[in-house]
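Notes to accompany the following structure.
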């Protein structure tokens, strides 16, 4: 069972890193006004993640899967992140995404 939790934590962390790459690319692209198809694909990926989280009542499906293999109450039981970061990831990245969308809207309006 421990190997299953380790596998879930690894996959969850890899996905988290992937979304970091997407978000930081989006931030770079919108601040430098390099709006291209990759920006729209990144925005779509983040919005899709939001839909998935909404469907699962703001809980990642991997967290629900990992819960079968752990009774831990820590926020990082299902991902290789510091506990404070695991606890605040949604808040941090939602704020970042809203800022990105604001800059994107500004760039599109001002052309």
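Residue numbers (the working numbering): 516 to 626.
Idealized CB from N, CA, C, for every residue including glycine.
Here residue 547 carries a coil assignment [DSSP, helix/strand/coil]. Sequence-distant partners of residue 582 (beyond 5 residues in either direction) whose C-beta falls short of 6 Å from its own C-beta are missing from its chain. Contact check for residue 563 against residue 615 fails: the beta carbons are separated by 7 Å or more. From the listed residues 519, 578 and 549, the smallest Cα separation to residue 626 is found for 549. A distance of 7 Å or more separates the beta carbons of residue 593 and residue 519. Nearest neighbour of residue 530 by Cα position, chosen from 596, 555, 569 and 547, turns out to be 596. Here the C-alpha atom of residue 522 lies approximately 45 Å from the C-alpha atom of residue 624.
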